[in-house]
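In this note's numbering, the protein residues as written are 9 to 634. Note that CB positions come from ideal geometry on N, CA and C, so glycine has one too.
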């Protein structure tokens, strides 16, 4: 049995639980390093050193591994709940009492090919503040949630510069790219006349609508809509280049730059992307929109956190308007900035985040920390809103003895790990930081990059045999195009081979990504093995049009149903939905050659016409002379 603890997302009275069930294929950039350290299809690269450990085989359309999933949820909110719904799966719901319900996956919906999403509401008004604490022999742990109460007037609204960064890679083919285009139409139509904007797209290369942002006018909006309508999902996923291209554009003085990333997040070089945002944003705020049924929430959440924005998500079967309206509600008003909390006489320490980030309209403050002894105090929240001072006073009580809410210790430790990983983005993966993360993982039973859970089978089956590694295939996430990731006819190729992506600028090694499944019992620490942080690319290759698409060799066909696949190397979720498609490449190459043939034919026809006209003219002159 797997148990894990997490803070639920909350927005406008809705709580949301997301349980990941599948990891999408990952695009793996970089040069091949040392080959394979794992059983995946992609070789390790200098940018993604664990690529071969995050690229399991992927089932082809119509195939099943025989591994279904069972999931049950005991929801006890402590207060009356209402409107309990799963937007992703069919569930059977049993009412226990007004504040408790039990849910279970319906047997007809047990294929692990999409994230489980559960939403519910609580009756009554949302509280202004909440404190949850636990105290044991290790000391006290607490979580403080504050909903700032503030309003601004129209004259305090700051002009905005919006840069939309759209993923048009192979994994976005089909439903995801159409959903992104739908969202972009709403974004373009929802801007203010005082805004400026631009659109950047990325796949194997990058492209921009204009060289620099332009004012929002009817003409410019229509031009942008035509540009977006031409988007197609094909090619690799050079997300880092797309972000650098967007952040490198000249910023207008007096405007708040907001970068909005639309993607499924199927890349393996998350660390390099975080570094690019941290080093290059220069005051810009980065928001993200995850598009699909099983997106890379780790990347999208952290990118928005580092960029001091917020992450949003939309499934391919959801309407985009609610999400886009929520985005504009956030950025239509200035953020509450320079937030500080005066704890008075409360003995708190090791707070996370150490520095409270800016808050957009409707966002709550979440603080996780430790305390030595209990007490009561009126804390003071200070900040700046539209260059005006903001003050809010709130009573807080931390109990001396509180055996309940033991999950608060785990929540605090997880947030500490998150904070240390953010430090690594700025300072690199140093030995000291890795050791701190490892100790937190061991002491609080957490899965981290350097600690993992190991399931040990007590019953020995092959007493006289040798241990055998069986590589299990995974499902392709619902709504993701297999052909968009692995290509068309070549997707049926049997022998797995190294995949390379070719663009006009340079060649990249195959695709994967870092993603971990939810932890399982009893963590065993692995010896810390420092990973060299991905070296930032010295030059930014922008506006690289993909003339040649990835040459992708698809994973071998896994055995249907419960049979284990015989091959140990294959393209898997670590390979990237930007997996370099072969079919799109061939199509674009044919289109390229077709254009040349058309041009040559036109030239030949023109020459023939000129010759005929010349002959007619010559014959007439000759006739007149005679």
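Taking the alpha-carbon positions, what's the residue 4 to residue 407 distance?
Since the first and last residues shown for the chain are 9 and 634, residue 4 lies out of range.
### Query
Hey, is the segment 183–198 in contact with the segment 317–330, meaning 3+ C-beta pairs nearer than 8 angstroms?
yes
key: Beta-carbon proximity list for residue 254, same chain, < 7 angstroms, skipping 5 on both sides   = Closer than 7 angstroms at the Cβ level, and outside the excluded window around residue 254, lie 171, 173, 208, 267.
- Can you tell me whether DSSP reads residue 414 as helix, strand or coil? coil
For residue 147, which beta-bridge partners are listed by DSSP?
According to DSSP, which records beta bridges pairwise, residue 147 is partnered with 144.
- Between the Cα of residue 68 and those of 203, 195, 618, 491, spot the shortest distance and give me the residue it belongs to. 491
Test item: CB-CB of residue 299 and residue 197 under 8 angstroms
no
Taking Cβ to Cβ, would you say residue 404 is nearer than 8 angstroms to residue 378?
no
Could you give the residue range of the beta strand (DSSP E) that holds residue 201?
Segment: none, residue 201 is in no beta strand (DSSP E) and carries neither H nor E.
Original post:
Roughly how many whole angstroms lie between the Cα atoms of residue 93 and residue 334?
Top reply: 20 angstroms
Residue 93 - partner residues in DSSP beta bridges
127
Which residue's Cα is closest to the Cα of residue 213: 483, 280, 200, 248? 248
**Request:** Go ahead and pull the three-state DSSP assignment for residue 455.
**Result:** coil
(request) Answer with buried or exposed for residue 658, where buried requires no fewer than 16 other C-beta atoms within 10 angstroms of its C-beta. (result) This structure cannot speak to residue 658, because the chain is shown only from 9 to 634.
Determine the DSSP secondary structure at residue 298, reduced to helix, strand or coil. strand
Original post:
Between the segment 72–84 and the segment 104–115, are three or more C-beta pairs nearer than 8 angstroms?
Top reply: Of all C-beta pairs linking the segment 72–84 to the segment 104–115, three or more are shorter than 8 angstroms, placing the two stretches in contact.
(request) Determine the burial state of residue 618: buried for a count of at least 16 other Cβ atoms within 10 Å of its Cβ, exposed for fewer. (result) Within a 10 Å sphere around the beta-carbon of residue 618 sit fewer than 16 other beta-carbons, which makes this residue exposed.
**Request:** Starting from residue 230, trace the alpha helix (DSSP H) both ways and give me its first and last residue.
**Result:** 226–237
- Report buried or exposed for residue 39, applying the criterion of at least 16 other Cβ atoms within 10 angstroms of its Cβ. exposed
Do residue 310 and residue 282 have their beta-carbon atoms positioned less than 8 angstroms apart in this structure?
yes
Are residue 61 and residue 46 closer than 8 angstroms when you measure CB to CB? yes
Does any residue of chain B bring its CB to less than 8 angstroms from the CB of residue 622?
Structure shown: chain B not included; a single protein chain is present.
**Prompt:** What's the call for residue 350, buried or exposed, on a 16-neighbour Cβ count within 10 Å?
**Reply:** exposed
Q) The beta strand (DSSP E) with residue 22 in it runs from where to where? A) 22–27
* Return the bridge partner residues of residue 377 from the DSSP annotation. => 150
Worksheet item: Taking the C-alpha atoms as reference points, what is the distance between residue 167 and residue 287?
Response: 24 angstroms
Alpha carbon of residue 426 to alpha carbon of residue 383, nearest angstrom:
When only Cα atoms are considered, residue 426 and residue 383 end up about 28 angstroms apart.
**Prompt:** Which of helix, strand or coil does DSSP assign to residue 63?
**Reply:** Look at residue 63 here: in three-state DSSP terms it is coil, with no helix or strand label.
Q | Residues bridged to residue 105 [DSSP beta-bridge criterion] | A | 108
- With DSSP run on the structure shown, which of helix, strand or coil describes residue 369? coil
When burial is assigned at 16 or more other CB atoms within 10 Å of the CB, is residue 201 buried or exposed? Exposed.
Handout entry: Inter-residue Cα distance where the pair is residue 415 and residue 437
Key = 28 angstroms
Note to self: Between residue 359 and residue 375, how many whole angstroms is the CB-CB distance? I'm expecting something under 8 angstroms.
What the structure shows: Contact holds; Cβ gap of about 6 angstroms.
* Asked: DSSP puts residue 449 in a beta bridge; with which residues?
  -> Answer by DSSP bridge pairing: none, since residue 449 is not bridged.
Practice task
Report the residue from 96, 95, 90 whose alpha carbon sits nearest the alpha carbon of residue 102.
Solution key: 90
### As assigned by DSSP and simplified to three states, the class of residue 358
strand
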